[in-house]
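To keep things clear, I will list the structure first and then write my remarks on it.
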Amino acid sequence: MDKVLDYKCPCCGAAIAFDPRAQELKCASCGNTYSVELMSELCDEANSDGKTTSDWGTYKCDGRASGTVTYSCRFCGAEIECDVNTVATECVYCGNPIVISDTVSGMNSPDVILPFKLDRESAKTALINYYNGKKLLPDEFKSENNIERIRGVYVPYWLYNCHSHANATYDATRVHSWHDSRYNYVRTDHFLVSRTGGADFADIPVDASSKMPDNYMDALEPFDFSGAVPFRDGYMAGYVADRYDVDSLSGSSRAELRIENTMNSLLRDTVHGYVSVVKRRGSVQNSNGTVRYAFLPVWILNTRYKDKTYLFAMNGQTGKMVGELPVDKGKAAKFFAIAAAVSMAVINVIALLALLVR
Amino acid sequence: MKIKIIVSLIMAITLVTCLSACVCAADQYDPVRQDSVAVQIVKTELIILAISCVIGLLVILAMKSKHAPPKQNTTAGGNLKGKSFVLLSHRDMFMYSTTTRTPRQTQQNSGRRPR
Numbered sequence: 010m011d012k013v014l015d016y017k018c019p020c021c022g023a024a025i026a027f028d029p030r031a032q033e034l035k036c037a038s039c040g041n042t043y044s045v046e047l048m049s050e051l052c053d054e055a056n057s058d059g060k061t062t063s064d065w066g067t068y069k070c071d072g073r074a075s076g077t078v079t080y081s082c083r084f085c086g087a088e089i090e091c092d093v094n095t096v097a098t099e100c101v102y103c104g105n106p107i108v109i110s111d112t113v114s115g116m117n118s119p120d121v122i123l124p125f126k127l128d129r130e131s132a133k134t135a136l137i138n139y140y141n142g143k144k145l146l147p148d149e150f151k152s153e154n155n156i157e158r159i160r161g162v163y164v165p166y167w168l169y170n171c172h173s174h175a176n177a178t179y180d181a182t183r184v185h186s187w188h189d190s191r192y193n194y195v196r197t198d199h200f201l202v203s204r205t206g207g208a209d210f211a212d213i214p215v216d217a218s219s220k221m222p223d224n225y226m227d228a229l230e231p232f233d234f235s236g237a238v239p240f241r242d243g244y245m246a247g248y249v250a251d252r253y254d255v256d257s258l259s260g261s262s263r264a265e266l267r268i269e270n271t272m273n274s275l276l277r278d279t280v281h282g283y284v285s286v287v288k289r290r291g292s293v294q295n296s297n298g299t300v301r302y303a304f305l306p307v308w309i310l311n312t313r314y315k316d317k318t319y320l321f322a323m324n325g326q327t328g329k330m331v332g333e334l335p336v337d338k339g340k341a342a343k344f345f346a347i348a349a350a351v352s353m354a355v356i357n358v359i360a361l362l363a364l365l366v367r
Numbered sequence: 017m018k019i020k021i022i023v024s025l026i027m028a029i030t031l032v033t034c035l036s037a038c039v040c041a042a043d044q045y046d047p048v049r050q051d052s053v054a055v056q057i058v059k060t061e062l063i064i065l066a067i068s069c070v071i072g073l074l075v076i077l078a079m080k081s082k083h084a085p086p087k088q089n090t091t092a093g094g095n096l097k098g099k100s101f102v103l104l105s106h107r108d109m110f111m112y113s114t115t116t117r118t119p120r121q122t123q124q125n126s127g128r129r130p131r
């Protein structure tokens, strides 16, 4: 479809026309004049779609499966039923670690794996340390050993790499004020600010498992990918793992959003010297995109308190712990009273001193 | 238990100070504000109480935020390759300006009462 160009005055919105004498566009309504270059920039900006476009290519094993499969434990002979995406688990009867190599072989093989660096005991200690400094935590929750289950899980992740090119335009203003004997004057200068930039992104992790809460998996970052090694089945023994069930194309939207926000922030940081800066429009194009399939180490801890299960996750490489904690309402009321009473006393003293000084 | 006693003590002292100030100044009159001094003290104490409650609420919200579930990551700043960000072009173009004019306040039109 042909583009329709609308030339309107940026100041008052009235139609403007080219003035042959001034060699500029002039508004008959407010009298402002604009250079051809500026109006072309405004028209280009108004006609850009402001969307993010990406080219990630297609990952070699995109595709999803559902259902259950049955395996027999080689140690005790018991039948183990598990999800078709299960990669590593343990026998529910004898605890023997089982790695189902079909789900991580050939086309389904992860490119890299970050081996666990922290053990089960470190996860327990990290959880206890995580409780420290949380003054509203119920005492029973702290004192009781209510950890239900600790599992070392290799979570499937997509790692996105790309070059990003972004542009953005802003409405910016500068203000000057002065006065004479009768009046105060405020002049506001309006500017059209445009910025274009590029950056390379490496290994943006997006979890590829629908079973894992996205907010928890995101909060576990950063992972140090210099410790990543080519995938070997042996790393999985004794841990739990599922194959991805969110394909790389579905996961890419989360990576794109993060790239877009970062590029917008980087461009915005280059706009200086204005009183106000408001974004008009912007777009991001991602190119040379590649995706890697990785297994990253996470300790999952489940605790139970007053019939509610609380989930905690720890980065198996760095030890970073995330999770939600209950709040003791009684303690909250107590701390509110203390804070209010102390501040009331302090304000009263200040008021009294002010009165005495006067 | 100790904390309860401390809180009660602070509240009691504040209340006693306020009441005694009111009693002492009960018959005094402030001609500028056209109000009795006792009423002014009560008003001030009510404002201080409201401010204290707001401070208490802010403290609790700050403490509660440590218990909240983790938030989803919305940026990828940690995944930028070194110092790969390059500003390819930048333009700042003047569009137009607007000027506002307001009369200056002088002694004649400032609205103050002459002393």
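Protein chains in written order, with this note's numbering: chain A, 10 to 367; chain B, 17 to 131.
Think of the CB as a built atom: it goes at the ideal place given N, C-alpha and C, for glycine as much as any other residue.
From the DSSP output, which residues share a beta bridge with residue i?
| i | result |
| --- | --- |
| residue 215 of chain A | A:167 |
| residue 86 of chain A | According to DSSP, residue 86 of chain A bridges with nothing at all. |
| residue 323 of chain A | A:308 and A:330 |
| residue 139 of chain A | Bridge partners of residue 139 of chain A: none, in fact. |
| residue 369 of chain A | Because chain A spans 10 through 367 in this model, residue 369 of chain A falls outside it and cannot be assessed. |
| residue 86 of chain B | Looking at the DSSP assignment, residue 86 of chain B forms no beta bridge with any residue, so it has no partner. |
| residue 369 of chain A | Only positions 10 to 367 of chain A appear in the structure, and residue 369 of chain A is not among them; the question remains open. |
| residue 26 of chain A | A:35 |
| residue 96 of chain B | A:210 |
| residue 263 of chain A | None; residue 263 of chain A has no bridge partner. |
| residue 107 of chain A | A:98 |
| residue 110 of chain B | A:200 |
| residue 247 of chain A | The partner list for residue 247 of chain A (beta bridge, DSSP) is empty, contrary to what the question assumes. |
| residue 253 of chain A | Its beta-bridge partners do not exist; DSSP assigns none. |
| residue 156 of chain A | A:312 |
Apply the 10 Å Cβ neighbour rule to residue i and answer buried if 16 or more other Cβ atoms are within range, or exposed otherwise.
| i | result |
| --- | --- |
| residue 176 of chain A | buried |
| residue 138 of chain A | exposed |
| residue 357 of chain A | buried |
| residue 71 of chain A | Residue placement at residue 71 of chain A is poorly supported in this model, since its pLDDT is 48, which falls under 50; the coordinates are not used for a value here. |
| residue 66 of chain B | exposed |
| residue 30 of chain A | exposed |
| residue 100 of chain B | exposed |
| residue 359 of chain A | exposed |
| residue 282 of chain A | exposed |
| residue 26 of chain B | buried |
| residue 167 of chain A | buried |
| residue 84 of chain B | exposed |
| residue 344 of chain A | buried |
| residue 141 of chain A | exposed |
| residue 214 of chain A | buried |
| residue 331 of chain A | buried |
| residue 103 of chain A | exposed |
For residue i, which residues of its own chain have a beta-carbon under 6 Å away from its beta-carbon, when the five flanking residues on both sides are left out?
| i | result |
| --- | --- |
| residue 98 of chain A | 91, 107 and 249 |
| residue 200 of chain A | 181 |
| residue 197 of chain A | 182 and 184 |
| residue 25 of chain A | 16, 18, 34 and 36 |
Could you say which of the options lies nearest to residue i if we only look at CA atoms?
| i | options | result |
| --- | --- | --- |
| residue 78 of chain A | A:213, A:95, A:137 and A:232 | A:95 |
| residue 204 of chain A | A:349, A:280 and A:193 | A:280 |
| residue 273 of chain A | A:260, A:289 and A:283 | A:289 |
| residue 179 of chain A | A:164, A:332, A:292 and A:222 | A:292 |
| residue 39 of chain A | B:119, B:120, B:112 and B:121 | B:112 |
| residue 8 of chain A | B:59, B:71, B:72 and B:82 | Nothing can be reported for residue 8 of chain A, as the shown portion of chain A is limited to 10 through 367. |
| residue 245 of chain A | A:16, A:169 and A:163 | A:163 |
| residue 299 of chain A | A:230, A:63, A:16 and A:242 | A:63 |
| residue 254 of chain A | A:209, A:216, A:191 and A:206 | A:216 |
| residue 269 of chain A | B:116, B:92 and B:121 | B:92 |
| residue 351 of chain A | B:68, B:63, B:59 and B:60 | B:68 |
| residue 219 of chain A | A:252, A:235, A:187 and A:188 | A:252 |
| residue 105 of chain A | A:124, A:82 and A:123 | A:82 |
With a CB to CB cut of under 7 Å and the five nearest residues on each side skipped, what residues in its chain are close to residue i?
| i | result |
| --- | --- |
| residue 328 of chain A | 127, 131 and 135 |
| residue 41 of chain A | 18 and 20 |
| residue 150 of chain A | 314 and 335 |
| residue 130 of chain B | With a pLDDT of 49 at residue 130 of chain B, under the threshold of 50, the modelled position of this residue cannot be trusted; read the value that follows with caution. No residues qualify anywhere along the chain. |
| residue 194 of chain A | 186, 187 and 188 |
Going along the chain, which residues of its own chain have a beta-carbon closer than 8 Å to the beta-carbon of residue i, five neighbours each way excluded?
| i | result |
| --- | --- |
| residue 148 of chain A | 337 |
| residue 371 of chain A | With chain A covering only 10 through 367, there is no way to say anything about residue 371 of chain A. |
Problem set entry | Selection of the stretch 99 to 119 of chain B by Cβ proximity to chain A, strictly under 8 Å | If the cut-off is 8 Å between Cβ atoms, the stretch 99 to 119 of chain B has 100, 101, 102, 103, 104, 105, 106, 107, 108, 109, 110, 111, 112, 113, 114, 115, 116, 117, 118 and 119 near chain A.
Exercise. Mind listing which residues of the stretch 169 to 202 of chain A have their C-beta closer than 7 Å to chain B's C-betas, in chain order?
Worked result: The residues in question are 188, 191, 192, 193, 194, 195, 196, 197, 198, 199, 200, 201 and 202.
Exercise. Taking Cβ-Cβ distances below 8 Å as the criterion, which residues of the stretch 318 to 344 of chain A are in contact with chain C?
Worked result: You won't find chain C in this structure, because its protein chains are A and B.
Problem set entry | Interface residues of the stretch 202 to 213 of chain A facing chain B [CB-CB below 8 Å] | Listed by position, the residues of the stretch 202 to 213 of chain A near chain B (Cβ gap below 8 Å) are 202, 203, 204, 205, 206, 207, 208, 209, 210, 211, 212 and 213.
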